[in-house]
Amino acid sequence: MREAYSLVWSVLVLLFRSRVSLEAEILILRHQLNIQRRHVPKRVAFSAMDRLIFVGLYRLVPNTIKALTIVKPDTVIHWHRAGFRSYWRWKSRNHCGRPTVLLEIRRLIREMSIANPLWGAPRIHGELLKLGIEISQTSVAKYMARRRGPPAQGWKTFLRNHADGIVAMDLFVVPTISFRLLYGLLIIDHGRRQILCFGVTAHPTAEWLANQLTEACGWEQIPRYLIRDRDRAYGEIFVRRVRSIGIRDRPT
């Protein structure tokens, strides 16, 4: 830490020195490095603070990587990428998992769905809540008995039959050099295979997504179906906007 404070102090002092003085000091430092390299092992051990200083200077002024002599530029870039992966691995770590549904509750859900074939997941979920059993509706639907019936239309058949009336949208993530995340949005028309919208934002709210969809489809023929994933960003505002436009929402 003392080295970092010393480096910051040196930067502040440099602001008040002349250009000739700075260039002379740079030449002296480089010559000292050349002498030092002749008397030390080729492989130098770097502390965590050393790596942090190199990576920080590389992030602030990428061209400084050309001045490196005791470490390869590719090594500093590798340190930066490793730090990025470690940072987001730490930030996205799973703090706690969803509690496991007890075997007795799973059997009860299955028995209720078999005994009451007209009951769907919302009805069974409500009955379980009345009994004091805390469980999500998604879990209820997962453990309900599957009823055999005529095969449903597959996705390939659905897309082939309704391609002219389908739009699809998807969010993807782009990491930046400063450890921030940008979110890209792509909306395409399946029938014409045409990109209707390409947007970028740092905060993909439901309102922003709804506005992008409205702008993409507002001046064209309204599609019949919208295909998207179940990302949490598609909130209630987005769902209401899709319904008001007259599009059938089909989350996958």
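Sequential numbering from 6 applies to the sequence shown in our numbering. Backbone N, C-alpha and C define an ideal beta-carbon position, used for all residues, glycine too. This structure is a prediction, so every number in the text was calculated from the model and none was measured.
- Remark: C-beta atoms of Ala215 and Arg253 do not approach each other more closely than 7 Å.
- In the assembly as shown, Leu133 is a buried residue. Its beta-carbon has 16 or more other beta-carbons within 10 Å.
- Per DSSP, the unbroken beta strand (DSSP E) holding Asp194 starts and ends at Leu186 to Asp194.
- Here Val172 is bridged, per DSSP, to Asp194 and Leu231.
- In chain order, Thr206 place their CB closer than 7 Å to the CB of Trp213, counting only its own chain and leaving out the 5 sequence neighbours on each side.
- The stretch 73–150 is shown to contain whole alpha helix (DSSP H) runs of 4 or more residues at 78–96, 108–120, 126–135 and 142–148, in chain order.
- Taking the Cα positions, Val172 is about 28 Å away from Lys147.
- Ranked by how close their Cα comes to the Cα of Tyr239, the residues Gln217, Pro228 and Ile227 have Gln217 in first place.
- In the three-state reduction of the DSSP assignment, Asp254 falls in the strand class.
- Here the C-alpha atom of Trp84 lies approximately 10 Å from the C-alpha atom of Ala53.
- The straight-line gap separating the alpha-carbon atoms of Ile140 and Thr105 is approximately 10 Å.
- Looking at the DSSP output, Ile182 shares a beta bridge with no other residue.
- Look at Phe203 here: in three-state DSSP terms it is strand.
- Looking at the DSSP output, Phe177 sits in a beta bridge with Gly189.
- In the structure shown, the three-state DSSP call for Arg245 is helix.
- Counting along the chain, Asn216 sits inside the alpha helix (DSSP H) bounded by residues Ala211 to Cys222.
- By the beta-carbon neighbour count (other beta carbons within 10 angstroms, threshold 16), Arg235 is exposed.
- Per the C-alpha coordinates, the member of Gly189, Tyr92, Asp194 and Arg128 positioned closest to Thr210 is Gly189.
- The C-alpha of Ala150 lies about 37 Å from the C-alpha of Ile227.
- Annotated as distal: Ala168 and His130, with beta-carbon spacing of 7 Å or more.
- The alpha-carbon of Ile200 is positioned some 37 Å away from that of Asp79.
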